[in-house]
Structures are given as C-alpha cells and as structure tokens.
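52 is the number of the first residue of the sequence shown in this note's numbering; add one for each residue after it. Right, one structure below, let's go through it.
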Amino acid sequence: MRKVFVGYTSYQDVVYQVAKHSIERHSADVKCYPIVQQALRDLGIYYRDIDKNGATEFSITRFLTPWLAGFKGWVMFCDNDVLALTDVNELFDQADDKYAVMVVKHDHTPSETVKLDGQVQTQYPRKNWSSVVLWNLDHPKNQLITPDLVNEISPLYLHRFMWLEDHEIGELSLEWNWLVDWYKEPVNGKPKFLHFTDGGPYFRNYQGCDYADLWLKEYELMAGKPFTQEDIID
C-alpha cells in the first residue's frame with residue numbers, strides 16, 4: 052500500500068475530503084493520511100508557536116512526513132487543495148533512488164500579497180516546491196528531518212530543502228503540480244494533478260477559477276449531492 056500524506060486545515064475539512072476522494076478513486080493500493088496539527092500538538096510531537104503568517108495549518112507540519120512514515124521507503128506529500136485527475140501510482144513509478152526528494156521546480160512569484168481566503172501570500176525562493184513532494188525516506192539526508200528539527204529550524208530552511216544539495220532534488224513535470232490559473236493548456240502541457248494554490252471553488256471569490264467544474268464534480272461524487280452556496284467556506 053502506497054502512502055500519501057495530505058496537509059489538513061481544520062476549517063477546510065471539505066477541501067481535504069475532496070482531495071482524498073480524488074486520489075483514492077483514481078489509484079489502487081494508495082491510501083491518504085491527513086496531517087492534523089492539533090493531533091500532533093496533543094501528542095507532544097509538534098510544539099512550535101502558532102505561525103500567524105502561515106497560510107495553512109500544515110505549513111510546517113508537512114515536514115513531519117518522514118517521521119510519520121517511519122523514515123522508510125517512498126511516500127508522497129501534497130497540500131489539501133489538490134485534485135487528482137489520474138492514477139498517482141504513475142507518479143510513484145517515477146521515483147529515482149538517486150534523489151532525496153522529487154518535486155516540480157516551479158518559478159512561481161505571485162504578485163498578490165493576500166490570497167483570496169484572506170491569508171498572507173508569502174514570497175520566497177522555491178515557492179510551491181514543497182506542495183507536492185515524493186520523499187525518498189531511505190536517503191540518509193532525510194533522516195535529519197526529525198520532529199525536533201522541524202520544531203526548531205526556520206520555515207525557509209524546510210521549504211527550500213536546504214539540508215539537500217541541488218543535485219539531490221529531482222525534477223517532476225508540471226503536470227504533477229499544476230498551479231491552477233497559473234499554468235495553461237496546451238502551452239504548459241496537460242494536468243494530471245491540479246493544485247488550487249490561490250483558492251478553489253469552495254471559496255466565495257474563486258468560484259470561476261480554471262477547472263472549478265472538475266472540483267465540483269468530484270465533490271458531488273464524494274458527497275452524493277451538488278455543492279451549494281451554503282457549502283462555501285467563509
């Protein structure tokens with residue numbers, strides 16, 4: 052059974068549920084696990100001060116993926132605001148043991164300072180590289196990413212994969228972390244894994260985004276009913 056760890060933000064439960072449904076619906080022998088900050092705090096595993104500038108509750112807890120997976124094998128992490136359009140086993144099959152991680156190497160610099168859900172849009176090099184990651188947990192350098200380090204080190208050290216040399220970071224094609232409204236078909240290819248990085252149709256001000264229809268269809272498959280205005284996340 053291949054494991055996908057998915058970021059979780061408590062007030063966006065439906066976003067996680069749709070992501071999980073899409074991944075598991077398309078992919079045999081793949082199971083999703085939410086990374087829930089409060090549960091990790093209750094267990095004493097995560098104790099950083101709450102980051103008021105963090106756009107999500109998993110901004111830092113995503114880097115507990117190696118520990119949660121037992122530092123063994125290949126696992127995947129993704130943000131909650133994703134939608135699988137195909138079998139993620141295709142992504143796992145690209146795993147190359149010479150790399151510590153494999154990511155889409157975006158050159159992504161949003162001009163906005165605030166996301167549409169009101170969260171701060173933080174700018175930093177390698178932005179969005181950490182939003183979809185194939186982790187090689189047998190790589191010795193990833194053994195460094197312990198809960199103690201995740202609780203103490205700077206966020207940029209983690210998001211920029213600064214414990215690794217450049218040649219230890221493998222590259223995935225854009226289709227596996229397709230930034231909605233940033234990448235366009237056919238210029239940038241064709242998506243396999245959508246990422247509603249600025250917001251999706253579950254936010255009132257983002258219902259007209261690209262691929263909104265696909266997210267809404269997945270919601271209906273999951274919930275057994277259409278998404279309505281009453282379901283909007285405010």
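Just so it is clear, CB atoms sit at the ideal spot from N, CA and C, and this is done for glycine as well.
Practice task
Taking Tyr97 as part of the beta strand (DSSP E), name the residues at either end of that continuous run.
Solution key: Position 46 of the sequence shown, counting from 1, holds the residue named residue 97. Where Tyr97 is concerned, there is no enclosing beta strand (DSSP E), given that its DSSP letter is neither H nor E.
Handout entry: Exposed unless 16 or more other CB atoms sit within 10 angstroms - verdict on Gln63
Key = Reading the sequence shown from its first residue, position 12 is the one you call residue 63. Label assigned to Gln63: buried.
Practice task
Look at Asn179 and Thr279 and say whether their C-beta atoms are less than 9 Å apart.
Solution key: Indexing the sequence shown from 1 puts residue 179 at position 128. Indexing the sequence shown from 1 puts residue 279 at position 228. The Cβ atoms of Asn179 and Thr279 do not sit closer than 9 Å to each other.
Exercise for the section: Within its chain, find whatever has a CB closer than 7 Å to the CB of Pro252; leave out the 5 residues flanking it on each side and keep chain order. Expected result: Sequence index remark: in the sequence shown, residue 252 carries index 201 (1-based). Gln258, Cys260, Ala263, Trp266 and Leu267, listed in sequence order.
Practice task
Taking 8 Å as the threshold, find out whether the region 127-144 comes into contact with the region 197-217 through three or more Cβ pairs.
Solution key: no
Exercise for the section: In angstroms with no decimal places, state the Cα-to-Cα distance between Trp125 and Met213. Expected result: Here residue 125 is taken as the residue at index 74 of the sequence shown, counted from 1. Here residue 213 is taken as the residue at index 162 of the sequence shown, counted from 1. C-alpha separation (whole angstroms): 20 Å.
Handout entry: Assigned secondary structure, Val155 (DSSP; H/G/I helix, E/B strand, else coil)
Key = Residue mapping note: residue 155 aligns to position 104 of the sequence shown, counting from 1. Looking at Val155 - three-state DSSP - the assignment turns out to be strand.
Exercise for the section: Pick helix, strand or coil for Arg53, following the three-state DSSP scheme. Expected result: The count along the sequence shown starts at 1 and reaches residue 53 at position 2. Correct three-state label for Arg53: strand.
Problem - Distance between Phe56 and Asn140 (C-alpha atoms, nearest Å) - result: Here residue 140 corresponds to residue number 89 of the sequence shown, with the count starting at 1. Here residue 56 corresponds to residue number 5 of the sequence shown, with the count starting at 1. Going from the Cα of Asn140 to the Cα of Phe56 covers about 14 Å.
Exercise for the section: Tell me where the alpha helix (DSSP H) around Phe143 begins and ends. Expected result: The residue given as residue 143 occupies position 92 in the sequence shown. Per DSSP, Phe143 belongs to the alpha helix (DSSP H) from Asn140 to Phe143.
Exercise for the section: Would you kindly report the start and end of the unbroken beta strand (DSSP E) that includes Trp118? Expected result: For the purposes of this step, residue 118 is taken as residue 67 along the sequence shown, with counting starting at 1. Trp118 -> not in any beta strand (DSSP E); alpha helix (DSSP H) instead, spanning Thr116 to Leu119.
Practice task
Measure how close the beta-carbons of Leu215 and Lys241 come, nearest whole angstrom, since I'm counting them as under 8 Å.
Solution key: Residue numbering aside, residue 215 sits at position 164 when the sequence shown is read from its first letter. Residue numbering aside, residue 241 sits at position 190 when the sequence shown is read from its first letter. In this structure Leu215 is not in contact with Lys241, their Cβ atoms being roughly 29 Å apart against a cut-off of 8 Å.
Exercise for the section: Using the Cα positions of Tyr208 and Phe109, report the straight-line distance between them to the nearest angstrom. Expected result: The count along the sequence shown starts at 1 and reaches residue 208 at position 157. The count along the sequence shown starts at 1 and reaches residue 109 at position 58. About 16 Å.
Exercise for the section: State the start and end residues of the unbroken alpha helix (DSSP H) segment that holds Ile74. Expected result: Locating residue 74 in the sequence shown gives position 23, counting from the first residue. In the DSSP assignment, Ile74 falls within the alpha helix (DSSP H) that extends over Asp64 to His77.
Practice task
Kindly confirm or deny that the region 228-242 and the region 141-151 touch, where touching means at least three C-beta pairs closer than 8 Å.
Solution key: no
Practice task
Over the uninterrupted alpha helix (DSSP H) stretch that includes Pro191, give me the two end residues.
Solution key: Start at 1 with the first residue of the sequence shown, and residue 191 comes out as number 140. Premise fails: Pro191 is in no alpha helix (DSSP H) and is neither H nor E.
Exercise for the section: Take Ser78 as the anchor and find which of Val155, Arg113, Ala135 and Asp189 has the nearest alpha-carbon. Expected result: Counted from its first residue, the sequence shown places residue 78 at position 27. Considering only alpha carbons, the answer is Ala135.
Handout entry: Limits of the beta strand (DSSP E) - the one that Lys82 falls within
Key = Taking the first residue of the sequence shown as 1, we reach residue 82 at position 31. Unbroken beta strand (DSSP E) run through Lys82: Val81 to Ile86.
Practice task
Report, in whole angstroms, the separation of the C-beta atoms of Tyr234 and Asn187, which I expect to be a contact under 8 Å.
Solution key: Your numbering for residue 234 matches position 183 in the sequence shown. Your numbering for residue 187 matches position 136 in the sequence shown. Not quite, the Cβ-Cβ distance comes to about 26 Å (not below 8 Å), so this is no contact.
Practice task
Compute the Euclidean distance between the alpha carbons of Arg255 and Asp282, then round it to the nearest angstrom.
Solution key: Stepping through the sequence shown from its first residue, residue 255 is reached at position 204. Stepping through the sequence shown from its first residue, residue 282 is reached at position 231. For Arg255 and Asp282, the distance between alpha carbons rounds to 10 Å.
Problem - Distance, Lys54 Cα to Ala120 Cα - result: Counting from 1 along the sequence shown, the entry for residue 120 is found at position 69. Counting from 1 along the sequence shown, the entry for residue 54 is found at position 3. Their backbone Cα atoms lie some 8 Å apart in a straight line.
Exercise for the section: Identify whether Ala146 lies in helix, strand or coil by the three-state DSSP scheme. Expected result: Indexing the sequence shown from 1 puts residue 146 at position 95. Coil.
Problem - Pair within 9 Å by beta-carbon distance, Met35 and Glu236 - result: With the chain covering only 52 through 285, there is no way to say anything about residue 35.
Problem - Gly275 beta carbon near the ligand GDP (any heavy atom closer than 8 Å) - result: Within the structure as shown, the ligand GDP is missing, as the structure has no ligands at all.
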